[in-house]
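Below: the structure, in structure tokens.
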Ligand SMILES: Nc1nc2c(ncn2[C@@H]2O[C@H](COP(=O)(O)OP(=O)(O)OP(=O)(O)O)[C@@H](O)[C@H]2O)c(=O)[nH]1
Ligand SMILES: [Mg+2]
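In this note's numbering, the protein residues as written are 43 to 374.
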């Protein structure tokens, strides 16, 4: 399981100090105490969002400090409370205290939890007036807001699953579009366990791609590395089916398509129903253009979005990422 982690520092706002003041009125020689209370410091909350899917944003922003309360003022005016701060995290995030104690497990979107409480504002001298002390000079200081270091953990779920025959270039693709560095080699079944990569489509929008071991005829019965890994793409929103259109596969690309589709439906019909994109790979070493055209018209007939790429020359990679982002938004 691929786990995204982040460490952040949160600090709730300090309370504002109480104020010492006395009324000054024209004909009143000794006015009463009039220092107002300080405002409370802002709290820090965390809220889970269905829109976020990685902790990547915390790589650039690790400090979260809520506003302090305003100090009290004369004429019994109270300081304004500090604004609360809300930190958005992906649903699925677990939040731990420094001692590894679980503070909260955000299982669903729109959960809101207090993680650091703001300091209470101090009372001004007006609050200390009593029958025995008509002119108190006493005030309280605002209390400090809570501060802590939190560790966030998120089990990444893939948005997109890369599937296809062995050796068609799935791992090469994920290494080109993300920071994942899986083993790549010119033999089948190089990949034996799934790899996940985070694609930073824009600074705000990221998605997670899973590269799984290659499939083959009979995979649903356990041939090759079998269908064990198909469950890793069961919860994805989109499948990208890679087909090596070059002669180097030694197979017919159309037949490859049919074999994989059949394996998907034999494994689980719902998988075959999932949204898919057809990706023709290894364009740079393709000789007979008709092989590409055949796959393109197949995609047209099946009504499946289609992109041709070369992970080596990067041709078509941008279009593929645009299509991924577009289809994921449609699926959301
Ligand atoms: N010329 C060319 N070769 C590529 C391209 N993409 C991948 N390859 C080569 O194809 C071979 C297989 O690539 P991998 O990325 O390991 O393929 P895979 O689909 O992950 O294979 P398995 O893990 O075995 O299922 C490697 O030798 C790659 O260098 C491409 O766009 N052009
Ligand atoms: Mg691989």
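Note that the Cβ used here is the ideal one computed from N, Cα and C, for glycine as well.
Item, Value
"Inspect the beta-carbon positions of residue 350 and residue 367 and report whether they are closer than 8 Å.", "no"
"Restricting to Cα atoms, I'd like to know which of 104, 89, 74, 56 is closest to residue 81.", "56"
"Measuring CB atoms only, is the segment 190-203 touching the segment 219-233, in the sense that at least three cross pairs come out at less than 8 Å?", "no"
"What are the start and end residues of the beta strand (DSSP E) that includes residue 51?", "45-53"
"Following a CB-centred definition, is residue 235 positioned closer than 7 Å to any heavy atom of ligand 1?", "no"
"Who are the near neighbours of residue 249 in its chain, counting only those whose CB is closer than 8 Å to its CB and skipping five residues on each side?", "95, 201, 202, 240, 241, 243, 366, 367, 370"
"Where DSSP assigns a beta bridge to residue 127, which residues make up the other side?", "86"
"Do the segment 126-140 and the segment 168-182 touch if we need at least three Cβ pairs shorter than 8 Å?", "no"
"Select from 59, 102, 280 the residue whose C-alpha is nearest the C-alpha of residue 318.", "280"
"With 16 other CB atoms within 10 Å as the buried threshold, where does residue 174 fall?", "exposed"
"With residue 114 and residue 105 assumed to form a contact (beta carbons below 8 Å), what rounded beta-carbon distance in angstroms separates them?", "Going by Cβ atoms, the distance from residue 114 to residue 105 rounds to 28 Å, so no, they are not a contact pair."
"Where do the ends of the alpha helix (DSSP H) carrying residue 400 lie?", "The requested residue 400 is not part of the displayed model; the chain covers only 43 to 374."
"With a Cβ-Cβ cutoff of 8 Å, do residue 157 and residue 185 count as a contact?", "no"
"My parser needs the beta strand (DSSP E) runs of 3 or more residues fully inside the segment 88-127; what are they?", "105-107"
"For residue 142 and residue 135, I'd like the C-alpha separation in whole angstroms.", "14 Å"
"Give a yes or no on contact between the segment 163-174 and the segment 57-66, applying the rule of three or more CB pairs nearer than 8 Å.", "yes"
"CB of residue 348 to nearest heavy atom of ligand 1: below 7 Å?", "no"
"Write down the C-beta distance between residue 308 and residue 262 rounded to the nearest angstrom, noting that I regard them as a contact closer than 8 Å.", "4 Å"
"Taking the alpha carbon of residue 326 as the point to measure from, which residue in 313, 357, 93 has its own alpha carbon closest?", "357"
"Would you kindly check if the distance between the Cβ of residue 207 and the Cβ of residue 330 is under 8 Å?", "no"
"Are residue 125 and residue 78 touching if we call contact CB-CB under 8 Å?", "no"
"Please classify residue 112 as buried or exposed, where buried requires at least 16 neighbouring CB atoms within 10 angstroms.", "buried"
"From residue 324 to residue 92, what distance separates their C-alpha atoms?", "35 Å"
"On the CB-based measure, 16 or more other CB atoms within 10 Å of its CB, does residue 374 come out buried or exposed?", "exposed"
"Can you check whether the CB of residue 211 is closer than 8 Å to the CB of residue 83?", "no"
"Could you compute how far the alpha carbon of residue 311 sits from the alpha carbon of residue 47?", "35 Å"
"Within 10 Å of its beta-carbon, does residue 85 have 16 or more other beta-carbons around it, so buried, or fewer, so exposed?", "buried"
"So residue 254 packs on residue 236, CB below 8 Å; how close in whole Å?", "5 Å"
"Decide if residue 283 is buried, meaning its Cβ has at least 16 other Cβ atoms within 10 Å, or exposed.", "buried"
"Using C-beta distances below 7 Å, list every residue in its chain close to residue 354, excluding the 5 sequence neighbours before and after it, in chain order.", "326"
"Considering only DSSP beta bridges, list what residue 154 is partnered with.", "89"
"Can you tell which of 260, 258, 238 has the C-alpha that lies nearest to the C-alpha of residue 252?", "238"
"If you compare alpha carbons, which of 360, 359, 347, 352 is closest to residue 372?", "347"
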